[in-house]
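What follows is a set of notes on a single structure, which appears directly below.
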Amino acid sequence: MSRSSMQKQKLLYLYKIMLEKTDENHPLSINEIKALLALQGISAERKSLYDDLDILSTFGVDICKIRTSTVKYYVGSRDFELAELKLLVDAIQSSRFITHKKSLSLICKLEKLVSESDGKLLQRQVYVANRVKTLNEKIYYNVDELHNAIEKGKQITFKYFKWQVCFDGGKSIVKVPKKNGELYRVSPWALCWDDENYYLIAYDNAAKKIKHYRVDKMESISVTEDERDGKDLFDSFDLASYTKGVFSMFGGEEIAVDLSVDNSLVGVIADRFGQNVFITKENEERFIASVRVVPSPQFFAWVFGFGTGIRIVSPKEAADKFRSMLSDISSLY
2 MSRSSMQKQK
12 LLYLYKIMLE
22 KTDENHPLSI
32 NEIKALLALQ
42 GISAERKSLY
52 DDLDILSTFG
62 VDICKIRTST
72 VKYYVGSRDF
82 ELAELKLLVD
92 AIQSSRFITH
102 KKSLSLICKL
112 EKLVSESDGK
122 LLQRQVYVAN
132 RVKTLNEKIY
142 YNVDELHNAI
152 EKGKQITFKY
162 FKWQVCFDGG
172 KSIVKVPKKN
182 GELYRVSPWA
192 LCWDDENYYL
202 IAYDNAAKKI
212 KHYRVDKMES
222 ISVTEDERDG
232 KDLFDSFDLA
242 SYTKGVFSMF
252 GGEEIAVDLS
262 VDNSLVGVIA
272 DRFGQNVFIT
282 KENEERFIAS
292 VRVVPSPQFF
302 AWVFGFGTGI
312 RIVSPKEAAD
322 KFRSMLSDIS
332 SLY
């Protein structure tokens, strides 16, 4: 590339240098900037660099200067603060629905939103190797395809898979298609992130009811030309209440349940059901929480996890079902 062509790119390279090389703790002097530009085959006079920095500042780049033994320049505020990016990194690396490979790719992209020095501070937080992550590399694009279908208001088809025990062929846990590989056809309405997994909330056209599907178990998603069904149901659908009631996203009929809860566990109830859950005083040590849940094994496991801290009071059918499950488990030991 000719010298004149490189000179035309001087402002672009200056912008790149300031973003990548500088921050509050790593400012650059004019001579240091000149040296970095020279590595790109670009010569620059001091006065022209002052003018260029002013242009960047007028353009909206937060060019700051600090005086030590000489005047140095750096980019101050950016679109994302370092603390905000650390939160995003933590969210990515703790998300099971994002694969290990995609996690590393996303974090590398986040590093480019700060200086190289601050980017290294993000790298030290990357501990994704031993996390339990989904094995479905396509999930990142599945989510995008589902959002696309929801935005267009169209039905979708897809294949749904499950894990199955198999001791043939060297693998003990294998993924197999449900319904013998037959295509599912639903009307997608919402996506939610619950219990570290992405779920599609959809209207099942055949069953005439709302169902949910693990996105990482969906494959061969195709957006059809058919309009969505289920609008009447979703006009009054409360996604927050739905996800609070369906523990671990296992389906079933939602019912009203009264729980006797130790006062020390009030935070647990608020976290699970929200601050507006209806409660009454049982005695000085406990209160009654009235909630709506699906009485599934996952719900009972949640109750069991708190030992004597939470007890199912009513309905009797739910308490009896829990007692029966405990008996079945006890018989195994």
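When we follow my numbering, the leftmost residue of the sequence shown carries the number 2, and every step to the right adds one. Backbone N, C-alpha and C fix where the C-beta goes; we use that ideal spot for every residue, glycine too.
| query | Given a threshold of 16 other Cβ atoms within 10 Å of its Cβ, counted over all protein chains shown, does TYR142 qualify as buried or as exposed? | reply | Counted from its first residue, the sequence shown places residue 142 at position 141. Label assigned to TYR142: exposed.
| Going by other Cβ atoms of all chains shown within 10 Å of its Cβ, with 16 needed for buried, is GLU228 buried or exposed? | Here the question's residue 228 lines up with position 227 in the sequence shown. That one is exposed.
| field | Contiguous alpha helix (DSSP H) assignments of at least 4 residues, all confined to the region 211-237 | value | 232-236
| On the three-state DSSP scale, how would you describe SER70? | Residue numbering aside, residue 70 sits at position 69 when the sequence shown is read from its first letter. Coil, per DSSP.
| said: For VAL262, tell me which candidate among GLN41, LYS282 and VAL177 has the shortest Cα-Cα distance. | reply: Along the sequence shown, read from residue 1 onward, the residue named residue 262 stands at position 261. Here the closest residue by C-alpha is LYS282.
| said: Here's the rule: buried if 16 or more other CB atoms are within 10 angstroms of the residue's CB, otherwise exposed. What is VAL129? | reply: By 1-based counting over the sequence shown, the position of residue 129 is 128. Its pLDDT being 44, under 50, VAL129 is placed unreliably by the model, and the measurement read from it follows with that caveat. Buried, because 16 or more other Cβ atoms sit within 10 Å of the Cβ of VAL129.
| message | For THR69, which residues in the same chain have their Cβ closer than 6 Å to its Cβ, ignoring the five residues on either side in sequence? | response | Against the sequence shown, residue 69 aligns to sequence position 68. So the list is empty, once near-sequence residues are dropped.
| message | Quick check on GLN276: buried or exposed, where buried means 16 or more other Cβ atoms within 10 Å of its Cβ? | response | Within the sequence shown, numbered from 1, the residue matching residue 276 stands at position 275. Exposed, because fewer than 16 other Cβ atoms sit within 10 Å of the Cβ of GLN276.
| message | I need the boundaries of the alpha helix (DSSP H) containing LEU12, first residue and last residue. | response | Within the sequence shown, residue 12 is the residue found at index 11, counting from 1. Segment 11-22, the alpha helix (DSSP H) holding LEU12.
| Secondary structure at THR281, three-state DSSP: helix, strand or coil? | As a first step, residue 281 is located in the sequence shown; it is residue number 280 there, counting from the start. THR281: strand per DSSP, three-state reduction.
| task | Count the other C-beta atoms from every protein chain shown that fall within 10 angstroms of the C-beta of LEU88, then say buried if there are 16 or more, exposed otherwise. | result | Stepping through the sequence shown from its first residue, residue 88 is reached at position 87. Flag for LEU88 reads exposed.
| task | Express the C-alpha separation of ILE31 and LEU366 in angstroms, rounding to a whole number. | result | The structure shown has nothing for residue 366, since the chain only spans 2 to 334.
| request: Tell whether a beta-carbon distance below 8 Å holds between PHE159 and SER116. | output: Residue numbering aside, residue 159 sits at position 158 when the sequence shown is read from its first letter. Residue numbering aside, residue 116 sits at position 115 when the sequence shown is read from its first letter. Not in contact: PHE159 and SER116 (Cβ atoms no closer than 8 Å).
| request: Return helix, strand or coil for ALA92, following the three-state DSSP convention. | output: For the purposes of this step, residue 92 is taken as the residue at position 91 of the sequence shown. Helix, per DSSP.
| field | Nearest neighbour of VAL216, chosen from LEU20, GLY42, ILE99 and GLN8 [CA to CA] | value | Position 215 of the sequence shown holds residue 216. The residue with the shortest Cα to Cα distance from VAL216 is ILE99.
| field | Identity of the residue in LEU83, ASP145, LEU107 and ALA84 nearest GLN94 by Cα | value | One-based indexing of the sequence shown puts residue 94 at position 93. For the residues LEU83, ASP145, LEU107 and ALA84, the minimum Cα distance to GLN94 belongs to LEU107.
| request: Look at the alpha carbon of ALA39 and the alpha carbon of LEU29, and state the distance between them as a whole number of angstroms. | output: In the sequence shown, counting from the first residue as 1, residue 39 sits at position 38. In the sequence shown, counting from the first residue as 1, residue 29 sits at position 28. Cα-Cα distance, rounded: 15 Å.
| Looking at the structure shown, is ASP55 part of a helix, part of a strand, or coil, going by DSSP? | The residue labelled residue 55 in the question sits at position 54 within the sequence shown. Helix, per DSSP.
| query | Rounded to a whole number of angstroms, what is the C-alpha to C-alpha distance between ASP55 and LYS113? | reply | Along the sequence shown, read from residue 1 onward, the residue named residue 55 stands at position 54. Along the sequence shown, read from residue 1 onward, the residue named residue 113 stands at position 112. Rounded to the nearest angstrom, the two C-alpha atoms are 23 Å apart.
| Taking C-beta to C-beta, are ASP259 and SER315 nearer than 8 Å? | Within the sequence shown, residue 259 is the residue found at index 258, counting from 1. Within the sequence shown, residue 315 is the residue found at index 314, counting from 1. In this structure, SER315 lies closer than 8 Å to ASP259 by Cβ.
| field | Counted within 10 angstroms of its Cβ, other Cβ atoms place SER104 as buried (16 or more) or exposed | value | Residue mapping note: residue 104 aligns to position 103 of the sequence shown, counting from 1. Looking at its Cβ environment, which holds 16 or more other Cβ atoms inside 10 Å, SER104 is buried.
| Length-filtered (3 minimum) beta strand (DSSP E) runs lying within the region 285-312 | 287-294
| message | I need the boundaries of the alpha helix (DSSP H) containing TYR142, first residue and last residue. | response | Residue mapping note: residue 142 aligns to position 141 of the sequence shown, counting from 1. First-last of the alpha helix (DSSP H) with TYR142: 140-153.
| said: Does PHE81 come out as helix, strand or coil in the three-state DSSP assignment? | reply: Indexing the sequence shown from 1 puts residue 81 at position 80. If DSSP states are grouped into helix, strand and coil, PHE81 belongs with coil.
| Is it buried or exposed for TYR334, if we count other Cβ within 10 angstroms and need 16 for buried? | In the sequence shown, counting from the first residue as 1, residue 334 sits at position 333. Exposed.
| message | Closer than 8 Å is the cut-off here; do at least three beta carbon pairs connect the region 177-187 with the region 147-163? | response | yes
| said: Going by beta-carbon coordinates alone, are LEU266 and PHE305 separated by less than 8 Å? | reply: Along the sequence shown, read from residue 1 onward, the residue named residue 266 stands at position 265. Along the sequence shown, read from residue 1 onward, the residue named residue 305 stands at position 304. It is not a contact, given that the beta carbons lie outside the stated cut-off.
| message | With H, G and I counted as helix, E and B as strand and the rest as coil, what does DSSP make of TYR243? | response | Reading the sequence shown from its first residue, position 242 is the one you call residue 243. Helix at TYR243.
| said: Give me the residue from CYS109, ALA203, LYS218 and ASN264 with the minimum Cα distance to PHE238. | reply: Translated into the one-based positions of the sequence shown, residue 238 becomes position 237. Of CYS109, ALA203, LYS218 and ASN264, the residue nearest in Cα terms is ALA203.
| To the nearest whole angstrom, what separates the beta carbons of LEU12 and ASP53, a pair I think is in contact under 8 Å? | In the sequence shown, residue 12 corresponds to position 11, counting from 1. In the sequence shown, residue 53 corresponds to position 52, counting from 1. Contact flag correct, Cβ pair sits at about 6 Å.
| message | So, for GLN126: in the same chain, excluding its five sequence neighbours on each side, which residues have a beta-carbon less than 8 Å away from its beta-carbon? | response | Walking along the sequence shown from the start, residue 126 turns up at place 125. Residue placement at GLN126 is poorly supported in this model, since its pLDDT is 48, which falls under 50; the coordinates still yield a value, given next. Correct list, in chain order: LYS87, VAL90, ASP91 and GLN94.
| task | Would you list the one or two residues that DSSP bridges to ASP195? | result | In the sequence shown, residue 195 corresponds to position 194, counting from 1. Looking at the DSSP assignment, ASP195 forms a beta bridge with ASN198.
| query | With burial defined as no fewer than 16 other Cβ atoms inside 10 Å of the residue's Cβ, what is the status of VAL144: buried or exposed? | reply | Taking the first residue of the sequence shown as 1, we reach residue 144 at position 143. VAL144 should be labelled buried.
| said: Given this structure, state the Cα-to-Cα distance separating MET19 from VAL76, to the nearest angstrom. | reply: Along the sequence shown, read from residue 1 onward, the residue named residue 19 stands at position 18. Along the sequence shown, read from residue 1 onward, the residue named residue 76 stands at position 75. Cα-Cα distance, rounded: 6 Å.
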